[in-house]
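Chemist: Respectively, the protein sequence lines represent chains L and S.
For the first sequence, the residue numbers in the working numbering are 63 to 271.
For the second sequence, the residue numbers in the working numbering are -4 to 760.
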Amino acid sequence: MLKRPAFYLDTQICTGCKTCIIACKDKHDLPAGVRWRRVVEFTGGDWDCLPDGTFSQNVFAYYISVSCNHCQDPVCVKACPSKAMHQDDHGIVTVDPEKCVGCRYCEWVCPYSAPQFDKKLGRMTKCDFCREDLQQGTPPACVAGCPTRALQFGEYDQLVAEHGSDPPMIPMPPTALTEPSFVLETHRDAQLEHTRKGTIGNPEEVKDA
Amino acid sequence: MNTIRTYDKVVWSTCNVNCGSRCPVRLFVKAGRVVRIESDNTGDDASRPHEIRACLRGRGLRRWVYSKDRLQHPLKRIGKRGEGRFERISWDQALDTIATELERILKQYGNEAVFRIYGTGNLGGVVSSRDQVDRLMHILGGRLNLHNSYSTAQIYHAMHYTYGEKETGNNISDLVNSKLAVFFGNNPAETRMCGGGTVRDLVVAKQQSGVRIIVIDPRHTDTAAGFADEWIPIRPGTDAALAGGLAHVLITEGLVDQGFLDSHCLGYDQATMPLDIPPGNSYKAYILGDGPDRTPKTPEWAAPITGIPARRITRLAREIGTARPAYITQGWGPQRHAAGEQSARAICMLPILSGNVGVPGGNSGDREGPFGIPFPGIPVGDNPVKTSIPCFMWTKAIEKPGNLTALNGGLRGRERLTTPIKFIWNFASNTLINQHSDINRTKEILRDEKKCEMIVVIDNMMTASARFADILLPATSSFEESDLCYQSYGMELGTLIMRQKAIEPLGESRTLFDICAQVAKRMGVAENFTEGRNHDQWVEYMYHQCRKVKPELPENYRDAVETGIFKWARPGEPRVGLKEFRNNPVSNPLNTPSGKIEIFSPRLWDMAQTWELPKGDVITALPEYHPTWGNLDPERSPMYPLQCIGHHYKQRTHSTYDNNPWLEEAAPQMVWMNPLDARQRGIHHGDTVRIFNTFGQTMVRAKVTPRIMPGVLSLPQGAWHREVAGGVDANGSINVLTSQRPSPIAKGNPQHTNLVQVEKYQEKS
Chain L
63 MLKRPAFYLD
73 TQICTGCKTC
83 IIACKDKHDL
93 PAGVRWRRVV
103 EFTGGDWDCL
113 PDGTFSQNVF
123 AYYISVSCNH
133 CQDPVCVKAC
143 PSKAMHQDDH
153 GIVTVDPEKC
163 VGCRYCEWVC
173 PYSAPQFDKK
183 LGRMTKCDFC
193 REDLQQGTPP
203 ACVAGCPTRA
213 LQFGEYDQLV
223 AEHGSDPPMI
233 PMPPTALTEP
243 SFVLETHRDA
253 QLEHTRKGTI
263 GNPEEVKDA
Chain S
-4 MNTIRTYDKV
6 VWSTCNVNCG
16 SRCPVRLFVK
26 AGRVVRIESD
36 NTGDDASRPH
46 EIRACLRGRG
56 LRRWVYSKDR
66 LQHPLKRIGK
76 RGEGRFERIS
86 WDQALDTIAT
96 ELERILKQYG
106 NEAVFRIYGT
116 GNLGGVVSSR
126 DQVDRLMHIL
136 GGRLNLHNSY
146 STAQIYHAMH
156 YTYGEKETGN
166 NISDLVNSKL
176 AVFFGNNPAE
186 TRMCGGGTVR
196 DLVVAKQQSG
206 VRIIVIDPRH
216 TDTAAGFADE
226 WIPIRPGTDA
236 ALAGGLAHVL
246 ITEGLVDQGF
256 LDSHCLGYDQ
266 ATMPLDIPPG
276 NSYKAYILGD
286 GPDRTPKTPE
296 WAAPITGIPA
306 RRITRLAREI
316 GTARPAYITQ
326 GWGPQRHAAG
336 EQSARAICML
346 PILSGNVGVP
356 GGNSGDREGP
366 FGIPFPGIPV
376 GDNPVKTSIP
386 CFMWTKAIEK
396 PGNLTALNGG
406 LRGRERLTTP
416 IKFIWNFASN
426 TLINQHSDIN
436 RTKEILRDEK
446 KCEMIVVIDN
456 MMTASARFAD
466 ILLPATSSFE
476 ESDLCYQSYG
486 MELGTLIMRQ
496 KAIEPLGESR
506 TLFDICAQVA
516 KRMGVAENFT
526 EGRNHDQWVE
536 YMYHQCRKVK
546 PELPENYRDA
556 VETGIFKWAR
566 PGEPRVGLKE
576 FRNNPVSNPL
586 NTPSGKIEIF
596 SPRLWDMAQT
606 WELPKGDVIT
616 ALPEYHPTWG
626 NLDPERSPMY
636 PLQCIGHHYK
646 QRTHSTYDNN
656 PWLEEAAPQM
666 VWMNPLDARQ
676 RGIHHGDTVR
686 IFNTFGQTMV
696 RAKVTPRIMP
706 GVLSLPQGAW
716 HREVAGGVDA
726 NGSINVLTSQ
736 RPSPIAKGNP
746 QHTNLVQVEK
756 YQEKS
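Pasting the structure below:
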């Protein structure tokens, strides 16, 4: 078992296919509306209509697949009034179904929207990094299924040593907030600060219905 | 303990739809139900043959197989055709009715009245294939043939007249040898997105070589987001104009490969023109303005047509002309248009002019070439009927068969169609309603029960097409029958997957083989059809036929099942299409009449004189640009100022899987719209909009995004048509907006050529 398992995403080759989402849904049998993994489409650019009927533009788009980042400093754990949200020795954050009262504080404080409210169960559920698989040395479902091999996992320190720790791409929040176990290879069009305008292109897919 | 971690068995299965990938999946079965699906996990993923990782569609199969829309019992129509009212009948009643009607129609109208409609909803299984219907009908004296496909009609004909060959492309892996890649409407990240196929090979090639990739497409596709160094938006249907502008720069700046054009091509300039053609008809004359239209095809000429600034066209031409080799390719979007044949041919001119055909790192202009092992399908026998219609022309063959001729409709085997289609076999096909053009008109034709007299639908789901069945039969899904499946065109791997029956058929579902065998029995040809084998015995028999191709496969069928999957890496270097021809065009001529690349096609020259075309359509011997009925024309169609294309969407493959709620949540149906067009109409992201033209109207949510060019909408094709009051579609099904007018040469479906208007939907109070 890894000391501090972390996800790695090469956004240069993530095509937003969403296989990771369905692999996760299938493995954990998740109902509609419960999204342990989400794929954010970030897009921007402006169009100029030129007098001769042609156009110039500087459009860009990239995708970021996000689940729970099993942060070193998990705000969800801090915010949980019933102590249901907790972190194990490897940094994996999970919900104790016996203790969770479904107050959704964790959902509100998490900058990644990782904890998901299951209406039928009346409580929170979330990514557990496929802990059982990790213990057996096999990859989590989302990683094992990634068609382009953009999504990987590994020991956090090793991933940082290998890929560096770039400042987070918009719309990812500053890492200092929670110290996520998530290493990103930056997309060539990545927006690092508010240098160019851009928006989340698929709000209906990533936000609560 | 997570209960879904315990299971009774794991079996190999497949995703059998028409994306061209054919992915293996492993089904985890517990108490007779599939409880989990995983991808291929065999071999070393770091080297070939790597894992074939199914995309979201294959991974979501469980929610599709167990859908509430699953057909479970044979049904007979009780209301008017298309109303969707059915009553449950027994299998014997259903099969008796089919046999009686088939016999009556064969007797009354002859074999040309029976048609197995185009459809690809269940593709890739050997024994579960639609071929079973063809085999049955051939034994019964034949059926009306079809040619072309809804995917490739126009490009197929373009390649036929230009190169005389199919699949002329280099493998996508050959990009490692390229200095530049130009993708015209080629979008593997959404069309061939399996992690064993083209998109995987594209990732590897891009990572290895860093080759500069330019994507030319009206839409900033996921291929553009993932791989493009530059995106050049282009107005739909104008690729031939761009090619003309590029060619002008290549020619006037001396960037053409004159030696190659002299030795390998027909009709580039006067020196290689056929002798019986009047002067001034060469390609060079057309481009430079020395031809009949006296119009030089300068970048300034192409700019307002394509929407691409002239300076950018000039720069792109210089890039193409100086990067040797350049991999210039096209997907199947540019050709699925009103004059798609000419777009496809015109794009091919760029590698031809720059001498990039038949060399490593180059390409012919065709889509990336496949690699595969030629495993056999079931023997279908000869069709005694030789008459063949373009697959898109079937509605005309029902409605006005006497008006469908060789010269006006691409009919083959006869000058004029004499027999209307009276009996339709519709297996795993949504072409009957959903995927054919102009749904409202198609419905009208089919509603007339005196025209087509019998429609048999065999499917898994209650689709829009199934609602038009007279007899509706529930078919087993891929989970419920064993079969063999092998690689398709979207991969550079050979595979053989030993698909095993994982669960019992749902309800009363039966295999297609069993259904056809039962009809055969009632028609007195049981022995000819089955050859004494049942479904599983056919699978085993076909396995041994596959062994003849790959003798290293286990001798014993059960041993092969135990292994489950076999994979073969493409040997050696990536395939280079037309390499032999390039190396020696004299000893390895092409299959064109001249043996050369026919830039000027004498066959098209002759067809232009003889074929009957509606006003506005043209056939030209050269790959020329001509505006079509689908061009924006404020004077002619002020009501419909937007072009609407229908891209292939990750949520489904064509219309298969559209009813999977997991996929709908991950990738909802929305129309792509530029913020400039949205603002003019007061439309915001997420609003429900109404898209309409003379053919119909549909309602769908808007995705307001800069990733589509102004003046263009893209409504992902394949959404299930759902009719609400007044013939309005409520599910963003594009074919209520598309036209049945075929393309000039192929008589193919122009389903990306549409003029529409859009407005915010106001719910009436």
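For each residue, glycine too, the CB sits at the ideal point set by N, CA and C.
Given the structure is predicted, the values throughout are model-derived calculations rather than measurements.
Listed in chain order, which residues of the region 669 to 684 of chain S have Cβ atoms closer than 9 Å to some Cβ of chain L?
Modeler: If the cut-off is 9 Å between Cβ atoms, the region 669 to 684 of chain S has N669, P670, L671, H680, G681 near chain L.
Chemist: Counting only the same chain and skipping the five closest in sequence on each side, list residues whose C-beta sits under 8 Å from that of M186 of chain L.
Modeler: Within the same chain, M186 of chain L has close Cβ partners A146, M147, V157, C162, G164, R166, C168, E169, P177, Q178, F179, D180.
Chemist: For the putative contact between P355 of chain S and P320 of chain S, defined by C-beta atoms under 8 Å, what is the C-beta separation to the nearest angstrom?
Modeler: Indeed they touch by this definition, with Cβ atoms about 7 Å apart.
Chemist: Bridge partners for Q134 of chain L per DSSP, in chain order?
Modeler: Bridge partners of Q134 of chain L: none, in fact.
Chemist: Start and end of the alpha helix (DSSP H) containing E183 of chain S?
Modeler: The question names Glu, yet the displayed sequence has Pro at residue 183 of chain S. From DSSP, the alpha helix (DSSP H) with P183 of chain S extends over 183 to 186.
Chemist: Could you give the distance in angstroms between the alpha-carbon of P228 of chain S and the alpha-carbon of G180 of chain S?
Modeler: Between P228 of chain S and G180 of chain S, the C-alpha separation is close to 10 Å.
Chemist: Quick check: what's the CA-CA separation for P67 of chain L versus W59 of chain S?
Modeler: Rounded to whole angstroms, P67 of chain L to W59 of chain S spans 33 Å at the Cα level.
Chemist: Around the Cβ of P739 of chain S, are there at least 16 other Cβ atoms within 10 angstroms (buried) or fewer (exposed)?
Modeler: With 16 or more other Cβ atoms within 10 Å, it is buried.
Chemist: Taking the alpha-carbon of R505 of chain S as reference, which of S:K543, S:I592, S:I453 has the nearest alpha-carbon?
Modeler: R505 of chain S has its Cα closest to that of S:I453, out of S:K543, S:I592, S:I453.
Chemist: Answer yes or no: do V534 of chain S and V122 of chain S have a C-beta to C-beta separation smaller than 7 Å?
Modeler: Yes.
Chemist: Using only the alpha-carbon positions, how far apart do G153 of chain L and H539 of chain S sit?
Modeler: Cα to Cα, G153 of chain L sits roughly 53 Å from H539 of chain S.
Chemist: Where does the unbroken beta strand (DSSP E) through M147 of chain L begin, and where does it stop?
Modeler: Residues 147 to 149.
Chemist: Closest to T216 of chain S by C-alpha separation, out of S:F524, S:S734, S:P711, S:S460, would be which residue?
Modeler: Cα-wise, what sits closest to T216 of chain S is S:P711.
Chemist: With a threshold of 6 Å on Cβ separation, who are the neighbours of C192 of chain L within its own chain once the five nearest residues in sequence on each side are excluded?
Modeler: Here the set comprises P202, A203.
Chemist: Quick one: is W109 of chain L near chain S, going by C-beta distance under 7 Å?
Modeler: Closer than 7 Å to some Cβ of chain S, the Cβ of W109 of chain L qualifies, so yes.
Chemist: Who are the near neighbours of T437 of chain S in its chain, counting only those whose CB is closer than 7 Å to its CB and skipping five residues on each side?
Modeler: Hits under 7 Å: T390, I428, H431.
Chemist: How far does the alpha helix (DSSP H) with F576 of chain S in it reach, from first residue to last?
Modeler: First-last of the alpha helix (DSSP H) with F576 of chain S: 574 to 578.
Chemist: To be precise: take each residue of the region 142 to 157 of chain L, compare its Cβ to all Cβ atoms of chain S, and keep it if any distance is under 9 Å. Which residues remain?
Modeler: Flagged: no residues at all.
Chemist: Could you work out which residue in S:A741, S:L732, S:P737 is closest to V751 of chain S when comparing CA atoms only?
Modeler: When each option's Cα is compared against that of V751 of chain S, the closest is S:L732.
Chemist: Among the residues of its own chain, which have a CB less than 6 Å from the CB of A271 of chain L, if the five just before and after it don't count?
Modeler: Unreliable placement is indicated for A271 of chain L, whose pLDDT of 41 sits below 50; no coordinate value is reported for it.
Chemist: Would you say F422 of chain S and R125 of chain S are within 7 Å of each other, going by their C-beta atoms?
Modeler: In this structure, R125 of chain S lies closer than 7 Å to F422 of chain S by Cβ.
Chemist: With DSSP run on the structure shown, which of helix, strand or coil describes L311 of chain S?
Modeler: Three-state result, L311 of chain S: helix.
Chemist: Between the alpha carbons of G226 of chain L and V102 of chain L, how many angstroms are there, rounded?
Modeler: Roughly 22 Å separates the two Cα atoms.
Chemist: Nearest to L585 of chain S by CA position, among S:A41, S:I134, S:C260, S:A176, is which residue?
Modeler: When only C-alpha atoms are compared, the closest one is S:C260.
Chemist: Contact between the region 335 to 343 of chain S and the region 303 to 319 of chain S is defined here as three or more beta-carbon pairs at a separation below 8 Å; is this criterion met?
Modeler: In short, these stretches do not touch, since the Cβ pair count stays below three.
Chemist: Quick check: the Cα distance between L56 of chain S and Q746 of chain S, rounded to an integer number of angstroms?
Modeler: Whole-angstrom Cα-Cα distance: 28 Å.
Chemist: Within this structure, are the beta carbons of V171 of chain S and Q203 of chain S separated by less than 7 Å?
Modeler: Contact: yes.
Chemist: Which residues in chain L sit within 8 Å of A662 of chain S, going by Cβ to Cβ distance?
Modeler: Near A662 of chain S (Cβ distances below 8 Å), the residues of chain L are K80, E267.
Chemist: Can you tell me whether H716 of chain S is buried or exposed? The criterion is at least 16 other CB atoms within 10 Å of its CB, across all chains shown.
Modeler: The residue in question, H716 of chain S, is buried, as its Cβ has 16 or more Cβ neighbours within 10 Å.
Chemist: Residues in the same chain with beta-carbon distance under 7 Å from S424 of chain S, minus the five sequence neighbours each way, listed in chain order, please.
Modeler: The answer, listed in chain order, is I112, Y113, G114, G116, S460.
Chemist: What would DSSP say about M(-4) of chain S, mapped onto helix, strand or coil?
Modeler: Bear in mind that a pLDDT of 36 at M(-4) of chain S, under 50, signals an unreliable position, so the number given afterwards is only what the model happens to contain. It is coil, neither helix nor strand.
Chemist: Are the Cβ atoms of S144 of chain L and L71 of chain L separated by less than 7 Å?
Modeler: Not in contact: S144 of chain L and L71 of chain L (Cβ atoms no closer than 7 Å).
Chemist: What residues from chain L crowd round D217 of chain S, counting only those whose CB sits closer than 9 Å?
Modeler: Under the 9 Å cutoff, chain L gives T77, G78, C79, A123, Y125.
Chemist: Which chain L residues sit within Cβ distance under 8 Å of R310 of chain S?
Modeler: The premise fails here: R310 of chain S is roughly 13 Å from chain L at the closest Cβ pair, so nothing lies under 8 Å.
Chemist: When the Cα of D3 of chain S is compared with those of S:G15, S:R28, S:E96, which residue comes out closest?
Modeler: Nearest C-alpha to D3 of chain S: S:R28.
Chemist: Listing by chain order, which chain L residues have their CB less than 7 Å from the CB of W226 of chain S?
Modeler: Per Cβ cutoff of 7 Å: V121.
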